[in-house]
Amino acid sequence: MAHEVRGVIAPGKNEPVRVETILVPDPGPGEALVRVRTCGVCHTDLHYRQGGINDEFPFLLGHEAAGVVESVGEGVTDVEPGDFVVLNWRAVCGQCRACLRGRPQYCFATHNAKQPMTLTDGTPLSPALGIGAFAELTLVASGQCTKVDPEASPAAAGLLGCGVMAGIGAALNTGQVGRGDSVAVIGCGGVGGAAIMGARLAGAAKVIAVDIDDRKLSIAEGLGATHTVRSGENDPVAAIRELTGGFGADVVIEAVGRPETYEQAFYARDLAGTVVLVGVPTPEMRIDLPLLDVFGRGGALKSSWYGDCLPSRDFPMLIDLYRQGRLDLDAFVTETIALDQVEQAFDRMHEGDVLRSVVVL
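According to the UniProt record's numbering, the sequence shown is numbered sequentially starting from 1.
See the structure below:
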């Protein structure tokens, strides 16, 4: 049986999104039907709408979601109806070479639901990141459901599904920030703000926030930044070096995804320091660095994909810290909105007015 629900569709490249009636099938083997309670408006959804991911329109947008499992398909044992879950876009296979080597966070064969969700005329929808959660119900692979403490606020918990996890994981997992380290974060939107919070959680002694927007720098201070640098008025490399005794930061997290800010991150780190790229570049972007500098400065240049997280390990742990008052996920929820306000939320995101707008269903 197909369920008729409302969902937010991106019909074509750069076209405004609209709310449509969609058909969501009952779960098949290995699948779960989830009633969505909240879903954050992430920049990745805007990338889909702009055609920056691929051209497989129409898209069913939304992926930073929390909800309750409605029903499960044959063979599903990891979740059951009534479970409160955060959705993830990395359902690990358990069988690929990464999984078999004990590195499931790098699984090379992650998967999604096999059955399509469709428009009422039968047109198949491409769910954003295999989730499609700007909808009252969505169909996912059961491995995309991570059970967490049901007492957690859905609006806050759902943000772990993408941007907040990407930022926290960039600090904790990829950058491996340690106690007493100096950390610089370039770009202080939702992902960069989460990286700041992750660095403080790891015990960093100095966390330097870099952005061109005073509003974001003010928010960054509230999330744990010890120092701020307004890069439109100052050379961020020189400023970071000055704040770290002339040496540069132990870890620099680039949360913008542009060649010029990546170059800043490269030269703002200490010798043998680490650069973490968590900002998402576009396909045409290139970086040109002297190879001798890459060799001579040592250290590590890393990319952080989804914060190198393992949802089954990281989501419950972070929710526990949130419930203990040690991780302020609520700070990322700027506003709550209705399903038909997603297009306006994209405008506010573009203007830098919000960390996250969260759709409440």
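Glycine is no exception: its CB is placed at the ideal position from the N, C-alpha and C atoms. Computed from a predicted structure; not experimentally measured.
Neighbourhood of residue i by C-beta distance below 6 Å, restricted to the same chain and skipping five residues each side
i, result
"residue 308", "105, 169, 173, 174"
"residue 348", "354"
"residue 285", "259"
Endpoints, alpha helix (DSSP H) assigned at residue i
i, result
"residue 399", "A query on residue 399 cannot be resolved here, the shown segment of the chain reaching from 1 to 361 and no further."
"residue 199", "190-202"
"residue 348", "342-350"
"residue 362", "Since the first and last residues shown for the chain are 1 and 361, residue 362 lies out of range."
"residue 155", "154-157"
"residue 91", "Segment: none, residue 91 is in no alpha helix (DSSP H) and carries neither H nor E."
"residue 107", "No alpha helix (DSSP H) contains residue 107, which DSSP labels as neither H nor E."
Paired residues, beta bridge with residue i - DSSP
i, result
"residue 41", "In DSSP, residue 41 forms no bridge with anything."
"residue 5", "22"
"residue 47", "The partner list for residue 47 (beta bridge, DSSP) is empty, contrary to what the question assumes."
"residue 216", "Paired residues: none, contrary to the question."
"residue 274", "251, 300"
"residue 137", "35"
"residue 335", "357"
"residue 124", "118"
"residue 265", "In the DSSP output, where bridge partners are listed per residue, residue 265 has none listed."
"residue 60", "9, 127"
N-terminal and C-terminal residue of the beta strand (DSSP E) that residue i is part of
i, result
"residue 71", "64-72"
"residue 147", "145-147"
"residue 83", "That residue, residue 83, is in no beta strand (DSSP E); it is neither H nor E in DSSP."
"residue 163", "No beta strand (DSSP E) holds residue 163; the alpha helix (DSSP H) holding it covers 163-169."
"residue 182", "182-186"
"residue 208", "206-211"
Beta-carbon proximity list for residue i, same chain, < 7 Å, skipping 5 on both sides
i, result
"residue 29", "73, 74, 75"
"residue 319", "148, 149, 152, 157"
Contacting residues, own chain, Cβ-Cβ under 8 Å from residue i (five flanking each side not counted)
i, result
"residue 1", "25, 26"
"residue 328", "197, 223, 322"
"residue 95", "109"
"residue 220", "185, 188, 192, 193, 196, 209, 211, 228"
Kindly confirm or deny that the region 173-190 and the region 198-217 touch, where touching means at least three C-beta pairs closer than 8 Å. Touching, yes.
For the pair the region 143-162 and the region 226-235, tell me if three or more CB-CB distances fall below 8 Å. Taking 8 Å as the limit for Cβ pairs, the verdict is that the region 226-235 does not touch the region 143-162.
State whether the region 116-125 contacts the region 280-298, with contact taken as three or more CB pairs (one from each stretch) at a distance under 8 Å. No, the region 116-125 is not in contact with the region 280-298.
Check whether the region 43-59 and the region 2-22 touch, using three or more Cβ-Cβ pairs below 8 Å as the test. In short, these stretches touch, since the Cβ pair count reaches three.
Count the C-beta pairs between the region 65-75 and the region 145-157 that are closer than 8 Å, then say yes if the count reaches three, no if not. A contact exists between the region 65-75 and the region 145-157.
Counting Cβ pairs closer than 8 Å, one from the region 90-105 and one from the region 31-43, do we hit at least three? The way I'd put it, the region 90-105 doesn't touch the region 31-43; fewer than three beta-carbon pairs between them come closer than 8 Å.
Taking 8 Å as the threshold, find out whether the region 242-251 comes into contact with the region 262-275 through three or more Cβ pairs. With the cut-off at 8 Å, the region 242-251 and the region 262-275 touch.
If you pair each beta-carbon of the region 132-148 with each one of the region 81-90, do three or more pairs fall below 8 Å? Taking 8 Å as the limit for Cβ pairs, the verdict is that the region 81-90 does touch the region 132-148.
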